[in-house]
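**Student:** Have a look at this one.
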Amino acid sequence: MRRWLADTGWRHLVGFLMLAFALFPLVFVISASLNPRGTLTASATLFDGASLDNYLKLFTSSTLPYTRWFANTMIIAGATAVLTVLLAASAAYAFSRFRFRGRRLGLLGLLLVQMFPQVLGAVAIFLLMARIKGVFPGIGLGTQWGLVMVYLGGAMGVNTFLIKGFFDSIPRELDDAAKVDGATHSRVFFTIILRLGAPVLAVIGLLAFINTVNEFLVASVILQSPSEHTLAVGLYGLISERLSANWGVFAAGALIGAIPSVLLFRFLQRYIVSGLLRGSVKG
């Protein structure tokens, strides 16, 4: 027993301690969501007086449009994830397969833009979207598609670099063989490159979806109507007032809002794992 503990037992002990450390915040949030008093201080005793009242309030309260916020978040996050993958993959294919003047400068420019956080451009984004609303009301300030456009512009740099690195590992002989058979660049891109690049595209799509669901600053600047809010913006209103903060409903809404991200991760897990294994073999 002592020898096993010295060889491998301590590793299990460290693993259990790290697992408990990682799961405790989640358990505390679940306990807070089941606390009918709606405070965090009353959650010192986990699951004391557990009740589903907070979850019922999310879907029955006339002053809390949680269902609307959830639908807005899924629409915005889904559109952002899909369009981010398509745009970044298209740009990465151009940088990976073509040689043109300004190619290196364009790559450096994309990298340079990503060095500045979005919070520095919050005022500029607001003014720009206000001007756009006067010309194109459908994608201007206060619209969900306007928010999607902002997200797409901020996601091009790093994603293009990641996808380009993966596309560079795909043999060019496949492109040449398809072109000999009469395939165009668009056919090569959609039928060969995108299929072989599915692992990295799954990672990019998953990260884009999760980041959009969790993003608060830009969404709070662009979306002005309460009916257009996302979960991050809408739930923040439940705890923004110190004297009327309802942490129980906030915790319940946050847990339900996290379910789509977990399900998407489970669905894309096999692609992510295959991408990691392929990268390790080629490395």
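Read in order, the letters of the sequence shown correspond to residues 21 to 303 in the numbering used here.
Beta carbons are placed, not taken as given, at the ideal position from N, Cα and C, and that holds for glycine.
So, is lysine 199 buried or exposed, given that buried needs 16 or more other C-beta atoms within 10 angstroms?
**Tutor:** Counting Cβ neighbours within 10 Å, lysine 199 comes out exposed, since fewer than 16 surround it.
**Student:** I need the straight-line Cα distance from valine 269 to isoleucine 276, nearest angstrom please.
**Tutor:** So the alpha carbons of these two residues sit roughly 11 Å apart.
**Student:** Taking the alpha helix (DSSP H) that proline 219 belongs to, which residues open and close that run?
**Tutor:** Where proline 219 is concerned, the enclosing alpha helix (DSSP H) stretches over 218-234.
**Student:** Quick test of the definition: if touching needs 3 or more C-beta pairs under 8 Å, does the segment 171-185 touch the segment 98-111?
**Tutor:** Contact between the segment 171-185 and the segment 98-111 is present, because at least three Cβ pairs lie under 8 Å.
**Student:** Look at the alpha carbon of arginine 22 and the alpha carbon of isoleucine 50, and state the distance between them as a whole number of angstroms.
**Tutor:** Take the alpha-carbon of arginine 22 and the one of isoleucine 50: they are about 38 Å apart.
**Student:** Smallest Cα separation from leucine 167: which of Ala272, Ser240, Ile259, Leu33?
**Tutor:** Nearest of Ala272, Ser240, Ile259, Leu33 to leucine 167, Cα basis: Ser240.
**Student:** Using 8 Å for Cβ pairs, my map puts threonine 250 next to threonine 100. What's the rounded Cβ distance?
**Tutor:** The pair is not a contact, with the Cβ atoms about 11 Å apart (cut-off 8 Å).
**Student:** Cβ of leucine 237 less than 8 Å from any chain C Cβ?
**Tutor:** No chain C is part of this structure, which consists of one protein chain only.
**Student:** Measuring straight from C-alpha to C-alpha, what distance separates threonine 65 and leucine 255?
**Tutor:** 24 Å
**Student:** Pull up the distance between the alpha-carbon of alanine 40 and that of histidine 32, whole angstroms please.
**Tutor:** 12 Å
**Student:** If you follow the alpha helix (DSSP H) that phenylalanine 44 is part of, which residue opens it and which one closes it?
**Tutor:** It spans 30-53 - the alpha helix (DSSP H) in which phenylalanine 44 sits, taken as one unbroken run.
**Student:** What's the gap between the Cα of threonine 80 and the Cα of alanine 278?
**Tutor:** 20 Å
**Student:** What's the call for leucine 76, buried or exposed, on a 16-neighbour Cβ count within 10 Å?
**Tutor:** exposed
**Student:** Less than 8 Å between the beta carbons of leucine 46 and phenylalanine 67, yes or no?
**Tutor:** no
**Student:** Exposed or buried, valine 220, counting other C-beta atoms within 10 Å across all chains shown (16 or more means buried)?
**Tutor:** Per the 10 Å Cβ criterion, buried.
**Student:** Give the single residue among Pro246, Leu226, Trp267 whose Cα lies nearest to the Cα of proline 280.
**Tutor:** Nearest option by C-alpha distance: Leu226.
**Student:** Would you check if the distance between the CB atom of alanine 228 and the CB atom of alanine 265 is smaller than 8 Å?
**Tutor:** Against a cut-off of 8 Å, the Cβ pair of alanine 265 and alanine 228 comes out as no contact.
**Student:** So, under 8 Å CB-CB, proline 85 and proline 246 are touching, yes? Tell me the CB distance rounded to an integer number of Å.
**Tutor:** 7 Å
**Student:** Between Thr59, Leu161, Gln138, Thr83, which lies nearest to phenylalanine 236 when the distance is taken from Cα to Cα?
**Tutor:** Gln138
**Student:** For methionine 169 and aspartate 27, I'd like the C-alpha separation in whole angstroms.
**Tutor:** 55 Å
**Student:** Given that a residue counts as buried once 16 or more other Cβ atoms are within 10 Å of its Cβ, and exposed if not, what is serine 116?
**Tutor:** buried
**Student:** Which residues in the same chain as isoleucine 213 place their Cβ atom closer than 7 Å to its Cβ, once the five residues preceding and following it in sequence are excluded?
**Tutor:** Tyr113, Phe187, Ile190
**Student:** Which same chain residues end up closer than 6 Å to serine 63 when comparing Cβ atoms and leaving out the 5 residues on each side of it in sequence?
**Tutor:** Since pLDDT at serine 63 reaches only 47, below the 50 mark, its modelled position is unreliable, and the value read off the structure follows with that caveat. Cβ within range, chain order: Ser51, Ala52, Asn55.
**Student:** Would you kindly work out how many angstroms separate the C-alpha atoms of glycine 154 and glycine 160, rounded to a whole number?
**Tutor:** In this structure, the CA atom of glycine 154 is about 8 Å from the CA atom of glycine 160.
**Student:** Starting from alanine 198, trace the alpha helix (DSSP H) both ways and give me its first and last residue.
**Tutor:** 192-200 is the span of the alpha helix (DSSP H), which, as asked, contains alanine 198.
**Student:** Beta-carbon separation of glutamine 164 and isoleucine 230 under 8 Å?
**Tutor:** Isoleucine 230 is positioned such that its CB atom lies no closer than 8 Å to that of glutamine 164.
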